[in-house]
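Below: one structure, written as structure tokens.
Residue numbers (the working numbering): 700 to 1334.
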């Protein structure tokens, strides 16, 4: 019996090693993204680390479940050298995966501002150009691989220190009575392990959202760890329908059915320009240093929505939002979720009924991020990618065709399209690794971030595109829409928080229309489709989660999903909601850095905003889960 206790003690020490390494990973993660987290000092960080222990233990027990089981299985084999060596192999392989996930977030987090989730791997699987980019990813982010190597070396060293003791432990039991006692201890340990796996004795196992119980939603990524985040999204591909309101009450608060504008329909061309990672911060609109002189000049001749937000942090979330009015209010991007094949209403499908030709352009490798398949589902007639461009001399070596030549290709193809047409192009040169063609080296302001010169290059490519299409016969009869797919990286305290990190420019330009001025109405990407249809005078009701920004009778808002929190923006209000409780409520005009959480003192305004968000979520889950995303199916 005594020998068996020693094996139990040995297991706890080995798991303690992993727990210590997860703490080191958290220290590294905090140091890498210190400006993002509102942590005031060492004491505050240690407090968060104590809370994080619950999530670390859960992840460690999941990863080490096989190792734990066989490390305390009451069998004489525990004292055999080959058995311990096999356990060591299992220990190193499984924990290498956990440490690798934590180190990967030293790179990944800056792009999406959340921990790794399952969708990150499904997106990699679907990106046809990932293998081409892998070598650069490794060399450009070498520090993460070095840190992973050092952590693994420390893991091996500390584990081997404990292995020196196993030869002295002896056989864990002699005789049936001892076996029965050891088995009882084993069952008891199994019970404790199950509690650890569940994260406590509560009714249901802990989730990512549980991290928000004791910390600010912004600190959730610091409290959880990457393996935990991945495991907890393994079974979250399916939405669970919610029921906050009766059907009658639900439709009074919010409905995804958009009504016609009442204006006569005009067959104007529509061009939607989606700009890779063009944060509001990078333009004059962001009131920081601008890297977009052309866009700044064009905005002076456009209708600009100065209080606009992205519906996600990934390209795969941005495309459905912009072109079909569909936000991603779940971990898996709608574009790559199990609901991606739903029948939907989109700009392409609705305008096709009016005789429009349509085409989607993206200079990346065909198949990247499911863009080509989504374009087909959305009803686009044509897709033009790197394959159709068919000139590898203009390949940037990583993601696709440089913006400058591809936008000229876009212009030529537009000239071939029959009017009226819908054409959308998605730029790519301002994507990590943020390169510019050799001939433009040192031409653009370096700025403070790697992305800044590539933003300048894409802005130049847009200027040249407009210089070309201004001469086209279709130009004057066209509405141009500009929006990013999502925001880029930032080191600014405001543009790195949960409001600023979604702040984007959205504006509409038309040479022949009186679309000019700045509008402070809360706007979002899913509003683009209904706003364009309103401008055209589309005369039928249709399905869209967004609203027509020109219709002041509608209630305008913006929504997104971050770290298992539903977020809603409306006028000066910003709310974070976990599906049951409000975790954050802020007056963002007075508190732009989100330091004063007003949710502790509920108000009528907060209650009203919560109801609106609940109604949006109930409609979203019902329509997405049940494939009711067109007006006919909704009826």
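From the three backbone atoms N, C-alpha and C, an ideal C-beta is built for every residue, glycine too.
Q) What residue does the alpha helix (DSSP H) around residue 1269 start on, and which one ends it? A) First-last for residue 1269: 1264-1269, but that is the beta strand (DSSP E), not the alpha helix (DSSP H).
Q. Quick one, which of 1216, 810, 1051 has its alpha-carbon nearest residue 967's?
A. It is 1051 whose Cα lies nearest to the Cα of residue 967.
Q) Near residue 1163, which residues of its chain fall below 8 Å by C-beta distance, leaving aside the five closest residues on each side in sequence? A) Excluding residues within five positions, the ones whose Cβ falls inside 8 Å are 1103, 1106, 1107.
Q: State the DSSP-derived secondary structure class of residue 1002, mapped to helix, strand or coil.
A: Strand.
Q: Starting from the N-terminal side, write out each stretch of the alpha helix (DSSP H) that is 4 residues or longer and does not extend beyond the stretch 1083-1119.
A: For the stretch 1083-1119, whole alpha helix (DSSP H) runs of length 4 or above, ordered along the chain, are 1085-1088, 1102-1115.
Q) How should residue 796 be labelled, buried or exposed, when 16 other C-beta atoms within 10 angstroms of its C-beta is the threshold for buried? A) So residue 796 counts as exposed.
Q: Taking only runs that begin and end inside the stretch 1218-1296, name each unbroken alpha helix (DSSP H) of 4 or more residues, in chain order.
A: If only complete runs of 4 or more residues are kept, the stretch 1218-1296 shows the alpha helix (DSSP H) at 1227-1235, in order along the chain.
Q) What is the DSSP secondary structure of residue 988, reduced to helix, strand or coil? A) Residue 988 falls in the coil class under three-state DSSP.
(Q) At the level of alpha carbons, what is the spacing between residue 1194 and residue 707? (A) Taking the straight line from one Cα to the other gives about 49 Å.
Q: Decide yes or no for the touch test of the stretch 945-962 against the stretch 1171-1187: beta carbon pairs closer than 8 Å, at least 3 of them.
A: Put simply, the stretch 945-962 does not touch the stretch 1171-1187. Fewer than three CB pairs are less than 8 Å apart.
Q: Kindly indicate which three-state DSSP category residue 1010 falls into: helix, strand or coil?
A: Note: residue 1010 maps to coil in three-state DSSP.
Q. Using CA coordinates, which residue listed in 1026, 861, 891 is at the minimum distance from residue 687?
A. Shown here, the chain extends from 700 to 1334; a query on residue 687 therefore has no answer.
Q | Option in 788, 740, 794 with minimal Cα separation from residue 761 | A | When each option's Cα is compared against that of residue 761, the closest is 794.
Q: Leaving aside the five residues before and after residue 927 along the sequence, list all residues of the same chain whose C-beta is less than 7 Å from its C-beta, in chain order.
A: Once the five neighbours on either side are set aside, the close Cβ partners of residue 927 are 754, 757, 758.
Q) Can you give the beta carbon distance from residue 786 to residue 1030, rounded, assuming they're within the 8 Å contact cut? A) The Cβ separation is near 34 Å, so there is no contact.
Q.
Given this structure, state the Cα-to-Cα distance separating residue 1023 from residue 1228, to the nearest angstrom.
A. If you take the alpha carbons of residue 1023 and residue 1228, they lie about 6 Å apart.
Q: Using a Cβ cut-off of 9 Å (strictly closer), state whether residue 1174 contacts chain D.
A: The structure shown contains no chain D, having only a single protein chain.
Q. So, is residue 775 buried or exposed, given that buried needs 16 or more other C-beta atoms within 10 angstroms?
A. That one is exposed.
Q | 3 or more residues per run - each beta strand (DSSP E) lying fully within the stretch 908-974 | A | DSSP runs (the beta strand (DSSP E)) wholly in the stretch 908-974: 968-974.
**Q.** Same chain only: Cβ atoms within 7 Å of residue 1042, ignoring 5 sequence neighbours per side
**A.** Hits under 7 Å: 1326, 1328, 1329, 1332.
Q.
Please report the straight-line C-alpha distance between residue 1315 and residue 1264, rounded to a whole angstrom.
A. Between residue 1315 and residue 1264, the C-alpha separation is close to 14 Å.
Q. Using 8 Å as the Cβ pair cut-off and three pairs as the minimum, do the stretch 989-1006 and the stretch 765-782 touch?
A. No contact exists between the stretch 989-1006 and the stretch 765-782.
Q. To which residues of the same chain is residue 985 closer than 6 Å at the C-beta, ignoring the five residues directly before and after it?
A. Once the five neighbours on either side are set aside, the close Cβ partners of residue 985 are 979.
Q: Report yes if the CB atom of residue 1008 is closer than 9 Å to the CB atom of residue 1298, and no otherwise.
A: Going by beta carbons, residue 1008 and residue 1298 fall outside the 9 Å limit.
(Q) Considering only the alpha carbon of each residue, which of 726, 770, 948 lies closest to residue 714? (A) Minimum Cα distance to residue 714 is reached at 770.
(Q) Assuming residue 1048 is part of the alpha helix (DSSP H), what are its boundary residues? (A) For residue 1048, the enclosing alpha helix (DSSP H) covers residues 1046-1051.
Q: Could you tell me how far apart the beta carbons of residue 777 and residue 885 are, in whole angstroms, since I believe they sit closer than 8 Å?
A: A Cβ-Cβ separation of about 11 Å leaves residue 777 out of contact with residue 885 under the 8 Å criterion.
Q) Where does residue 1348 land, buried or exposed, given buried means 16+ other C-beta within 10 angstroms? A) This structure leaves residue 1348 out entirely; the chain is present only between 700 and 1334.
**Q.** Length of the line joining the Cα atoms of residue 1161 and residue 788
**A.** If you draw a straight line from the Cα of residue 1161 to the Cα of residue 788, it is about 55 Å long.
**Q.** DSSP beta-bridge partners of residue 1029
**A.** Under DSSP, no beta-bridge partner is assigned to residue 1029.
Q | Coarse secondary structure for residue 1121, derived from DSSP in three states | A | Residue 1121 falls in the strand class under three-state DSSP.
**Q.** Pairwise C-alpha distance: residue 1017 and residue 1359
**A.** Missing from the structure shown is residue 1359; the chain here goes from 700 to 1334 and no further.
Q | Whole-angstrom distance between residue 849 and residue 1079, CA atom to CA atom | A | Taking the straight line joining both Cα atoms gives about 50 Å.
Q | Sequence-distant residues of the same chain with beta carbon closer than 6 Å to residue 983, five excluded per side | A | Cβ-Cβ distances below 6 Å link residue 983 to 989, 995 in the same chain, with the five nearest sequence neighbours on each side left out; the list follows chain order.
Q.
Quick check on residue 1155: buried or exposed, where buried means 16 or more other Cβ atoms within 10 Å of its Cβ?
A. Result: buried.
(Q) Less than 9 Å between the beta carbons of residue 939 and residue 1320, yes or no? (A) Cβ distance < 9 Å, so residue 939 and residue 1320 count as in contact.
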